[in-house]
Amino acid sequence: SSPRDDRAGAAAPRPRIVLLPSASMGHLAPFSRLAAALSSGHACDVSLVTVLPTVSSAESGQLDALFAAFPAVRRLDFQLPPLDAPELSGADPFYVHYEATRRSARLLAPLLAAADASVLVADISLASVLIPVASELRLPCYVFFTASATMFSFYAYYPTYLDAAGAGDADVPGVYRIPKSSFPQALHDRNNLFTQQFVANGRSLSKADGLLINTFDALEPEAVTALRQGSVVPGCPPVFTVGPLSPVSFPARASADYSACLDAQPERSVVYVSFGSRKALARDQLSELADGLEASGCRFLWVVKGAVVDKDDGAELSELLGEGFLQRVSGRALVTKAWVEQGEVLKHPAIGMFVSHCGWDSLTEAFATGVPVLAWPRFADQRVNAGIVARCGAGVWVERWSWEGDEGVVKGEEIAEKVKSVMANEMLRRSSTMVREAAMTAVAGGGTSYRSLAELVARCCDGS
Ligand code: UDP
Ligand code: UDP
């Protein structure tokens with residue numbers, strides 16, 4: 007009998023969902039949140055494929071914490087065969103990991119078959135290679151886009167833009183113009199590894215059974231509507247806007263010193279500074295930022311990264327920031343190279359603003375907590391995301407500030423002025439609170455994201 011027949015009489019079957027994230031915390035964090043939401047919130051039977059070895063220690067720590075906290079989530083280890091690709095030496099290690107996984111996609115078939123799943127949810131960076139594998143297994147394949155809906159509309163539209171020999175800004179139909187200066191840097195080079203993955207994945211999307219995006223309708227109405235109406239690309243599969251997914255917090259991973267320190271600060275007095283989990287600022291920019299934070303006179307919590315991959319990040323803070331800096335700011339600043347539980351930090355009443363590189367996960371955390379953002383995008387989709395921040399009132403973006411590959415550094419004085427002005431901006435505080443309220447409404451019972459996730463689960467039950 008078909009699963010549909012079995013459902014008559016007995017309790018509805020639990021959907022069996024396999025999640026397949028790709029490398030970096032920016033992808034693993036939202037997949038972990040989705041795993042928690044589906045397993046605990048929606049009573050699904052969830053497995054998560056871990057593609058090993060991970061690139062960073064942050065990822066292996068996250069995986070251990072996730073499976074310890076959610077024993078119902080099944081762990082499916084997949085050992086990545088070594089990649090023999092000398093042409094990729096020197097490329098970003100996270101993209102090399104995507105590529106290695108892509109080239110091994112067929113080897114994932116037995117693991118997926120054995121998982122006896124009703125649905126696969128694959129990371130966007132693996133879409134074009136996993137959709138055919140899933141199809142051969144007759145396994146419906148949903149794609150999880152871990153960035154914004156606006157970026158997704160650009161991603162989906164980009165092959166059309168290329169085919170039309172597009173050279174300037176991108177007018178994504180039904181959305182708005184994405185200036186060329188906001189394109190991910192890698193796209194300016196047709197032969198870049200990432201561009202090739204980007205275009206191949208973009209072309210494959212219409213073959214997916216559905217698309218999940220960690221956003222909510224009211225945040226990006228243009229992109230969400232245009233995607234659903236088929237204006238961006240004809241034949242766009244159903245779009246499920248399921249965000250902002252709640253951070254899963256792992257208190258054991260947090261370092262005690264900053265929690266105690268935040269507890270002792272007045273409300274909204276601390277500037278939180280982080281540029282995400284996978285890029286380091288250039289040394290000269292790092293020292294201007296240090297000058298700026300010092301000159302702002304504000305309290306701050308700064309998570310410093312000195313290297314792309316945490317395991318290689320051996321430099322001492324004093325070496326990165328200059329002798330004397332830590333002494334001069336002691337008493338009003340906490341500077342750390344350790345992992346912080348950012349979802350928890352942003353919830354803390356002492357935090358008054360967030361200087362952010364605009365990784366989408368970081369932004370969803372800021373939207374959910376109403377902390378105003380000073381957007382300072384560095385690479386990839388981050389300028390598109392910074393545009394969303396400015397549009398929705400969650401923060402400000404100084405568009406002329408440089409990003410990776412641009413000439414020139416942003417001077418400390420300018421950073422100090424901007425930090426002070428955002429901290430004093432009452433209107434911005436109100437508008438970011440409104441963004442938080444809209445986010446809460448979306449995920450609460452009956453809200454757009456709540457319904458979207460429930461509809462996704464219902465479809466997974468149908469096996470459609
Ligand atoms: N993160 C964290 N602690 C850190 C650094 C990063 O919890 O010390 C989390 C952050 O909250 C976010 C993720 O790591 O959930 C980073 O993803 P994002 O998309 O913001 O940026 P990426 O690191 O991919 O550039
Ligand atoms: N991206 C890109 N080229 C790059 C880096 C990123 O086109 O060199 C795009 C990528 O396709 C995605 C977005 O930028 O749409 C976010 O990048 P990524 O997946 O690396 O996100 P992160 O790991 O920073 O969260």
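In my numbering, the protein residues as written are 7 to 470.
Idealized CB from N, CA, C, for every residue including glycine.
Quantities reported herein were computed from a predicted structural model and do not represent experimental measurements.
Exposed or buried, which one is P9 when buried takes at least 16 other CB atoms within 10 Å?
Any reading at P9 must be qualified, since the residue scores a pLDDT of 45, below 50, and its modelled position is unreliable; the value itself is stated next. So P9 ends up on the exposed side.
Express the C-alpha separation of Q348 and L145 in angstroms, rounding to a whole number.
Answer to the nearest angstrom: the Cα atoms are 35 angstroms apart.
Regarding G203 and ligand 1, is the C-beta to nearest heavy atom distance less than 8 angstroms?
Looking at the sequence shown, residue 203 is not Gly but Gln. No, Cβ of Q203 sits at least 8 angstroms from all heavy atoms of ligand 1.
Euclidean distance between Cα positions of L102 and E325
The question names Leu, yet the displayed sequence has Val at residue 102. If I take the Cα positions, the gap works out to 29 angstroms.
Going by the beta-carbon positions, is the gap between F150 and V127 smaller than 9 angstroms?
At a Cβ-Cβ threshold of 9 angstroms, F150 and V127 count as neighbours.
Alpha carbon to alpha carbon, how far is R334 from A422?
Taking the straight line joining both Cα atoms gives about 16 angstroms.
Give me whichever residues DSSP pairs with V361 in a beta bridge.
In the DSSP output, where bridge partners are listed per residue, V361 has V279, L380.
Would you call the segment 269-280 and the segment 392-404 in contact, with 3 or more CB pairs under 8 angstroms?
Flag = no, the segment 269-280 and the segment 392-404 do not touch.
State the Cα-Cα distance for the pair G365 and P383, rounded to the nearest angstrom.
Distance between the alpha carbons of G365 and P383 is about 8 angstroms.
Return the first residue and the last residue of the beta strand (DSSP E) that T342 is part of.
Per DSSP, the unbroken beta strand (DSSP E) holding T342 starts and ends at 339-342.
Run through the segment 239-309 for me and flag every whole alpha helix (DSSP H) of 4 or more residues, listed as ranges in chain order.
Counting only runs of 4 or more, we get 262-269, 289-302.
Do M157 and ligand 1 come close, with the Cβ less than 8 angstroms from some heavy atom?
Closer than 8 angstroms to some heavy atom of ligand 1: that does not describe the Cβ of M157.
Between D177 and the rest of its own chain, which residues show a CB-CB distance below 7 angstroms, the 5 nearest in sequence each way excluded?
Closer than 7 angstroms at Cβ, skipping near neighbours: R183.
Apart from the five residues just before and just after D223, which ones in its own chain have a Cβ nearer than 6 angstroms to its Cβ?
Leaving aside the five residues that flank D223 on each side, the residues in its chain whose CB is nearer than 6 angstroms to its CB run, in chain order, V230, T247, T454.
For the candidate residues P92, S293, N207, whose alpha-carbon lies nearest to that of G418?
It is S293.
Residue interval of the alpha helix (DSSP H) (run including S66)
Counting along the chain, S66 sits inside the alpha helix (DSSP H) bounded by residues 63-75.
Between V61 and F100, what straight-line distance do the alpha-carbon atoms span, to the nearest angstrom?
Approximately 7 angstroms between the Cα atoms of the pair.
Excluding the 5 residues preceding and the 5 following L323 in the sequence, name in chain order all residues of the same chain whose CB lies nearer than 7 angstroms to its CB.
Counting only Cβ-Cβ distances below 7 angstroms, and skipping sequence neighbours, we find V310, L332, V341, K343.
Using 10 angstroms around the beta-carbon of H194, count the other beta-carbons present and answer buried if the total reaches 16, otherwise exposed.
Classification for H194: exposed.
Beta-ladder partner(s) of Y148, from DSSP
Here Y148 is bridged, per DSSP, to V127, G216.
Flag D367 as yes when its Cβ comes closer than 8 angstroms to any non-hydrogen atom of ligand 4, and as no otherwise.
In terms of ligand content, the structure shown lacks ligand 4 and carries ligand 1 and ligand 2 instead.
Delimiting residues of the alpha helix (DSSP H) encompassing T201:
Following the DSSP letters along the chain, one finds T201 inside the alpha helix (DSSP H) bounded by residues 199-210.
Rounded to a whole number of angstroms, what is the C-alpha to C-alpha distance between S45 and F200?
Going by the C-alpha atoms only, they are around 32 angstroms apart.
In angstroms with no decimal places, state the Cα-to-Cα distance between S110 and L86.
For S110 and L86, the distance between alpha carbons rounds to 7 angstroms.
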